[in-house]
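To convert, take the position in the sequence shown, counting from 1, and add 7; that gives the working numbering.
Backbone N, C-alpha and C fix where the C-beta goes; we use that ideal spot for every residue, glycine too.
Structure record follows, encoded as structure tokens.
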Amino acid sequence: MGLFSFIKEAGEKLFGGKEAQAATAAAPTQDELNAKASKAIETYITAQNLGASNVQVAFEGPEGKVTVKGTAPTQAAKEKITLCCGNVASVTSVENLMDVTNPEPEAQYHDVVRGDTLSAIAKKFYGDANKYPVIFEANKPMLSHPDKIYPGQKLRIPPLAK
């Protein structure tokens with residue numbers, strides 16, 4: 008699956024932010040910050056109920072790199088876990104080393120830009136704007152509504168079922 012790149016400033020604000028700005032004189036070490044970020048991403052993945060087991064996340068703060076290991080039940084779950092990790096503010100790349108219980112063909116990916124809609128993305132990849140629900144479903148539960156996508160977000164574009 009390889010290493011996936013993401014936009015550092017885009018995504019869920021799971022760690023850092025106000026906490027980082029309000030640091031006291033006894034500021035945490037980089038290792039402590041990395042451990043806290045890793046735990047926040049693991050918690051976020053678990054909250055998505057993707058059926059993964061033994062999920063282990065390692066975050067390398069200065070580089071913004073996430074490495075994730077464990078077992079995913081499907082290729083789709085593995086890809087969604089990549090997106091869970093990457094669509095987080097401060098993350099620039101994700102290396103997904105998870106095993107897949109039931110391997111399937113890999114999906115394509117699309118980086119959302121200003122003006123994108125799921126319909127336009129469906130037209131680009133499938134030749135039919137009305138296929139946008141396929142993309143929406145492929146990115147749930149990270150997407151809560153078809154109109155709530157943002158520039159910098161990376162979306163999974165699965166192959167169409169035959």
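I believe residue i touches residue j by the beta-carbon criterion, under 8 Å. Please report the beta-carbon distance rounded to the nearest angstrom.
i: Ala-129; j: Lys-138; result: 4 Å
i: Lys-72; j: Glu-49; result: That pair is no contact at about 15 Å.
i: Thr-89; j: Phe-11; result: 6 Å
i: Tyr-116; j: Leu-167; result: About 16 Å; that fails the 8 Å criterion.
i: Ser-45; j: Phe-66; result: 5 Å
i: Gly-77; j: Asn-61; result: 4 Å
i: Ala-127; j: Ala-136; result: 7 Å
For residue i versus residue j, is the C-beta spacing smaller than 8 Å?
i: Val-141; j: Pro-165; result: yes
i: Cys-7; j: Val-120; result: What the structure shows of the chain is the stretch from 8 to 169, and residue 7 is not part of that stretch, so it cannot be assessed.
i: Ala-79; j: Thr-108; result: yes
i: Lys-85; j: Met-105; result: yes
i: Gln-37; j: Asn-94; result: no
i: Phe-143; j: Pro-158; result: no
i: Asp-118; j: Ile-156; result: no
i: Lys-20; j: Ala-96; result: yes
i: Asn-41; j: Gly-58; result: no
For the alpha helix (DSSP H) that residue i lies in, which residues bound it at each end?
i: Lys-131; result: 125-133
i: Phe-143; result: 139-145
Let me check one thing: in DSSP terms, what residues is residue i bridge-paired to?
i: Arg-163; result: Tyr-116
i: Thr-2; result: A query on residue 2 cannot be resolved here, the shown segment of the chain reaching from 8 to 169 and no further.
i: Ser-45; result: Per DSSP, none; premise fails for Ser-45.
i: Ser-100; result: Ser-12, Lys-72
Does DSSP put residue i in a helix, a strand or coil?
i: Thr-36; result: coil
i: Lys-155; result: coil
i: Lys-72; result: strand
i: Gln-28; result: With a pLDDT of 45 at Gln-28, under the threshold of 50, the modelled position of this residue cannot be trusted; read the value that follows with caution. Gln-28: helix per DSSP, three-state reduction.
Which residue comes first and which comes last in the beta strand (DSSP E) that contains residue i?
i: Ala-65; result: 60-67
i: Phe-11; result: 10-12
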